[in-house]
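In our numbering, the protein residues as written are 231 to 839.
Everything below concerns the one structure shown next.
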Amino acid sequence: MSNEADQAARQSWLASAEAAASLRSLIDDRAIHPVYQPLVDLTAGELLGCEGLTRPATDYGFAHVGELFDAAGAHGMLWDLEVVTRGACLAQAGESISGGMLFMNCTPLVVTDARFLEAIAGQVGECGSLSPGRIVLEITERAEIADQGLLENRVLELREAGFRVAIDDVGAGTSGLNRIMTIKPDWLKLDRELIDHIDIEPFKQNLIEFFVRFARFSGVELIAEGIERAEELETLIELGVGVGQGFLLGRPAERAPDLDSDLGEWLRECSASMQRALRQHPHAITVADVMSPALSRGAHEQADIVSQEIDHPRIEGVAVVDGKQIVGWRWRREIDELASTDPTALIGCGVRPNALVMDPHTPLIDAIRAVSTRSSGVLMEPIIVAAGGDVIGALTPREMLRASVRVASGSAAHGVPITGLAGRVDCDQRLSSLLKGDGQIDAAFIDIVDFHLFNNRFGFEMGDMLLRILAGLIASLVGGDEDSLDHVAAHLGDDKFLVVRTGENMKLSLQKLVDEFEQSSARFLGVAMRGAQPSGGAVQRDGDSAPAWGLRIALAPDIGTAASSAHDVHGIGWQLRWAEGEPIGLRSQMSVNQRSEFRDQVRRRRRSA
231 MSNEADQAAR QSWLASAEAA ASLRSLIDDR AIHPVYQPLV DLTAGELLGC EGLTRPATDY
291 GFAHVGELFD AAGAHGMLWD LEVVTRGACL AQAGESISGG MLFMNCTPLV VTDARFLEAI
351 AGQVGECGSL SPGRIVLEIT ERAEIADQGL LENRVLELRE AGFRVAIDDV GAGTSGLNRI
411 MTIKPDWLKL DRELIDHIDI EPFKQNLIEF FVRFARFSGV ELIAEGIERA EELETLIELG
471 VGVGQGFLLG RPAERAPDLD SDLGEWLREC SASMQRALRQ HPHAITVADV MSPALSRGAH
531 EQADIVSQEI DHPRIEGVAV VDGKQIVGWR WRREIDELAS TDPTALIGCG VRPNALVMDP
591 HTPLIDAIRA VSTRSSGVLM EPIIVAAGGD VIGALTPREM LRASVRVASG SAAHGVPITG
651 LAGRVDCDQR LSSLLKGDGQ IDAAFIDIVD FHLFNNRFGF EMGDMLLRIL AGLIASLVGG
711 DEDSLDHVAA HLGDDKFLVV RTGENMKLSL QKLVDEFEQS SARFLGVAMR GAQPSGGAVQ
771 RDGDSAPAWG LRIALAPDIG TAASSAHDVH GIGWQLRWAE GEPIGLRSQM SVNQRSEFRD
831 QVRRRRRSA
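So, in structure tokens, the structure goes:
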């Protein structure tokens, strides 16, 4: 019998009363076996989560899951079948996906059913090990639905309940861009047909590049399905696709397999190489260059406890995480209000599931475009910057505007183009390697006291020059040889620097850095203020009437005993800088006096102007 005849015979059987009876028995017996296929963060080289898939028991007559759902659609049993398949995936997900995200398929017909939200919320509640923020509901493009408005409303309700939404099989269905515009998904899953041999098909590459740009500007994450060849994987990384799925990365299994360590290392190296090439562009300012440090707290932590932990005016809010998933953002005022009205309430309850999460490599211009497309209700929410599932910073609209002014005024980026030191991404990669080694590791967190006042007084161009002066001193006095493997000297953005060294104690070098910087900044400011008559109170140094500038340095000896990752190191730096509301550690002895004198001088000059 020919293949066409075989297919016709199978379709005839699937439409028969016999197949309907067999399907009903399978549903009643819950004869479904769940398996989980990994989804991999191609930048971090780590597991992002898994897609929950189902396999029918073999003795009911269905050759594969596709036949199962074809029969369910033909006999009006899609609702009953999906209740069983979802339940099976959720029941074992807690033990199978190790804190990551769970993706589950849903047909539009089921999603638009009035019972759907209550049903899935109840199943998730019974599961106990997952929250809605870690679940992504994949709506397939292969199924049509007449009422797109109803689908849009149902998706809106799901989002309000905390669930994420993806469109599956993008590029294979008939609804195409219309459904993307209607649903405005959090994730797009590119169909296997678009990925197959993409390394040798320029037309497909152009199409994927379009989707990458669309996703970046729209705040959408992109997943490439069906990756089976290394050449396909490398091409997708070069095109900027962030997440991959396919047999090359991991086959479906009862438990999500760990990512092969060699493959993870290769992914990180490949991604880092691409990012280094991108950063050679003189205008390649990324969100990592302008972000501020950010804290993260678990969705199941109590509001009163979190409120006490973030009791500092410089902390504007926290990213709310559940397992490895970032589920939203809570402003500090919201947490304080919740703590006062319901102290034991969990901060994850009611969090808006619309956080805009970006990779630190994302160009600033793309971040601005993504924010500009958001609805007015969430326009003022910050961008959460995360790498490998770890929150490393946040970018508020105010910071974005400030950075935009710098770009518009022609100033260079806050990273490698300004100072020549490693940026945040390179720094984290080298930190991870250092922390895996033996021996003592000391870290110094360095910034300029009230640098924003300097920029206000002298302008960003002069501020950049002062940063270059400091970077040069760091490289010569503290950083060691540029190619050395026993240190990290990095510019983290704005006026924030980090130096990490192994072996020797850095305190003497840091004290010398403080002295040298005070002298250099005094000479520099003498030039900057030439022709201006400073008001009384300016610091006199070597005959120059100019306020010298001081450093604030927080030294963390043997940081390797308290930190196991780059994320830990940055968190410790944040705590050290602002413990008890005041910077601590090694400081220029003149910094505090000079700071107050300069403030007075600025006020007098502004009044006179």
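Positions of the beta carbon are idealized from the N, C-alpha and C atoms, including for glycine.
Here the structure is a predicted model, which is why all the values come from computation and not from measurement.
Nearest by alpha-carbon distance to Asp426: which of Ala445, Glu464 and Lys414 is it? On the sequence shown, residue 426 is found 196 positions in, with the first residue counted as 1. Checked all of Ala445, Glu464 and Lys414; the closest Cα to Asp426 is Glu464.
Considering only the alpha carbon of each residue, which of Leu311, Gly355 and Glu451 lies closest to Leu269? Stepping through the sequence shown from its first residue, residue 269 is reached at position 39. Comparing Cα-Cα distances from Leu269 to each of Leu311, Gly355 and Glu451, the minimum goes to Glu451.
The beta strand (DSSP E) spanning Asp658 covers which residue range? Sequence index remark: in the sequence shown, residue 658 carries index 428 (1-based). Run containing Asp658: none in the beta strand (DSSP E); it sits in the alpha helix (DSSP H), Arg654 to Leu665.
Between Phe477 and the rest of its own chain, which residues show a CB-CB distance below 6 Å, the 5 nearest in sequence each way excluded? Against the sequence shown, residue 477 aligns to sequence position 247. For Phe477, where only same-chain residues beyond five positions count, the Cβ hits under 6 Å are Glu458.
Which two residues bound the contiguous alpha helix (DSSP H) that contains Glu691? Position 461 of the sequence shown, counted from the start, is the residue given in the question as residue 691. Taken as a continuous stretch (DSSP letters only), the alpha helix (DSSP H) holding Glu691 covers Phe690 to Ile704.
Run of the beta strand (DSSP E) containing Leu922, from where it starts to where it stops: In the structure displayed, the chain extends from 231 to 839; residue 922 sits before or after that span and is not available.
Under a three-way DSSP split, which group does Ile622 fall into? In the sequence shown, the residue the question calls residue 622 occupies position 392. Here Ile622 sits in strand by DSSP.
What's the gap between the Cα of Arg563 and the Cα of Gly282? One-based indexing of the sequence shown puts residue 563 at position 333. One-based indexing of the sequence shown puts residue 282 at position 52. Whole-angstrom Cα-Cα distance: 38 Å.
Neighbour-count burial assignment, Ile430, 16 or more Cβ in a 10 Å radius: If you number the sequence shown from 1, residue 430 lands on position 200. Result: exposed.
Specify the secondary structure class of Ile545 as computed by DSSP and reduced to three states. By 1-based counting over the sequence shown, the position of residue 545 is 315. The answer is coil: DSSP assigns Ile545 none of H, G, I, E or B.
Contact defined as beta carbons within less than 8 Å: I believe Val517 pairs with Val615. What is the distance between those atoms, to the nearest angstrom? Taking the sequence shown and counting its residues from 1, the one referred to as residue 517 is at position 287. Taking the sequence shown and counting its residues from 1, the one referred to as residue 615 is at position 385. 5 Å between Cβ atoms; contact.
Val621 versus Glu629, Pro612 and Ala349, residue with shortest Cα-Cα distance: The count along the sequence shown starts at 1 and reaches residue 621 at position 391. Among Glu629, Pro612 and Ala349, the Cα nearest to that of Val621 is on Pro612.
Would you tell me roughly how many angstroms separate the C-alpha atoms of Ala245 and Gln555, rounded to the nearest one? For the purposes of this step, residue 245 is taken as the residue at position 15 of the sequence shown. For the purposes of this step, residue 555 is taken as the residue at position 325 of the sequence shown. Cα to Cα, the separation comes out at about 41 Å.
Thinking C-alpha only, which one of Ala624, Arg527, Lys726 and Ile802 is nearest Val679? Here residue 679 refers to the residue found at position 449 of the sequence shown. Nearest C-alpha to Val679: Lys726.
Leaving out five residues on either side along the sequence, give the residues of the same chain with a beta carbon under 6 Å from the beta carbon of Pro627. Here residue 627 refers to the residue found at position 397 when the sequence shown is read from its first residue. Within the same chain, Pro627 has close Cβ partners Met610.
Express the C-alpha separation of Arg481 and Asp672 in angstroms, rounding to a whole number. Locating residue 672 in the sequence shown gives position 442, counting from the first residue. Locating residue 481 in the sequence shown gives position 251, counting from the first residue. Going by the C-alpha atoms only, they are around 42 Å apart.
Do you know how far the Cα of Ile540 is from the Cα of Thr732? Residue numbering aside, residue 732 sits at position 502 when the sequence shown is read from its first letter. Residue numbering aside, residue 540 sits at position 310 when the sequence shown is read from its first letter. So the two alpha carbons sit approximately 32 Å from each other.
I'd like the span of the alpha helix (DSSP H) that includes Ala533, first residue to last. Position 303 of the sequence shown holds residue 533. From DSSP, the alpha helix (DSSP H) with Ala533 extends over Ala533 to Glu539.
With DSSP run on the structure shown, which of helix, strand or coil describes Ala486? Residue 486 sits at position 256 when you count from the first residue of the sequence shown. Coil.
On the three-state DSSP scale, how would you describe Ser522? Along the sequence shown, one-based indexing puts residue 522 at 292. Note: Ser522 maps to strand in three-state DSSP.
For a test of the three-state rule: what should DSSP assign to Asp680, helix, strand or coil? Within the sequence shown, the letter at position 450 stands for residue 680. The answer is coil: DSSP assigns Asp680 none of H, G, I, E or B.
Suppose you measure from the CA of Asp552 to the CA of Glu368; what does that come to, to the nearest Å? Along the sequence shown, one-based indexing puts residue 552 at 322. Along the sequence shown, one-based indexing puts residue 368 at 138. About 20 Å.
Given 8 Å as the limit, is there contact between the segment 796 to 806 and the segment 651 to 665, that is, 3 or more CB pairs closer than that? yes
DSSP-derived helix/strand/coil call for Val450: If you number the sequence shown from 1, residue 450 lands on position 220. In the structure shown, Val450 sits in coil (DSSP, three-state: anything other than H, G, I, E or B).
C-alpha distance - Val769 paired with Ala752, whole-angstrom precision: Numbered from 1 along the sequence shown, position 539 holds the residue referred to as residue 769. Numbered from 1 along the sequence shown, position 522 holds the residue referred to as residue 752. Note that Val769 scores a pLDDT of 35, beneath 50, so its modelled location is shaky and nothing firm can be said.
Could you tell me the boundaries of the beta strand (DSSP E) in which Gly279 lies? As a first step, residue 279 is located in the sequence shown; it is residue number 49 there, counting from the start. Here the beta strand (DSSP E) through Gly279 covers Glu276 to Pro286.
Member of Asp259, Trp559, Leu469 and Lys742 whose CA lies at the smallest distance from the CA of Gly780: Position 550 of the sequence shown holds residue 780. Checking every option, the nearest Cα to that of Gly780 belongs to Lys742.
Among the residues of its own chain, which have a CB less than 8 Å from the CB of Arg260, if the five just before and after it don't count? Along the sequence shown, one-based indexing puts residue 260 at 30. If we look at Arg260 and ignore the five residues flanking it on each side, its Cβ neighbours are Val314, Gly317 and Ala318.
So what's Met630 in DSSP terms, helix, strand or just coil? Walking along the sequence shown from the start, residue 630 turns up at place 400. Here Met630 sits in helix by DSSP.
Between which two residues does the beta strand (DSSP E) harbouring Ile222 extend? This structure does not reach residue 222, given that the chain is present from 231 up to 839, and the question cannot be answered.
Please report the distance separating the alpha-carbon of Thr337 from that of Leu424. Mapped onto the sequence shown, residue 337 falls at position 107. Mapped onto the sequence shown, residue 424 falls at position 194. If you take the alpha carbons of Thr337 and Leu424, they lie about 21 Å apart.
Presumed contact (8 Å Cβ cut-off) between Leu469 and Val442, rounded CB distance: On the sequence shown, position 239 is the one that residue 469 refers to. On the sequence shown, position 212 is the one that residue 442 refers to. About 6 Å separates the beta carbon of Leu469 from that of Val442, a gap short enough to meet the 8 Å contact definition.
Need the endpoints of the alpha helix (DSSP H) that Gly299 sits in, please. In the sequence shown, counting from the first residue as 1, residue 299 sits at position 69. Looking at the sequence shown, residue 299 is not Gly but Phe. From DSSP, the alpha helix (DSSP H) with Phe299 extends over Val295 to Ala304.
Counted within 10 angstroms of its Cβ, other Cβ atoms place Leu386 as buried (16 or more) or exposed: If you number the sequence shown from 1, residue 386 lands on position 156. Label assigned to Leu386: exposed.
Would you kindly work out how many angstroms separate the C-alpha atoms of Asn685 and Leu696, rounded to a whole number? Residue numbering aside, residue 685 sits at position 455 when the sequence shown is read from its first letter. Residue numbering aside, residue 696 sits at position 466 when the sequence shown is read from its first letter. For Asn685 and Leu696, the distance between alpha carbons rounds to 10 Å.
Meets three-Cβ-pair contact criterion under 8 Å: the segment 232 to 239 and the segment 292 to 307: no
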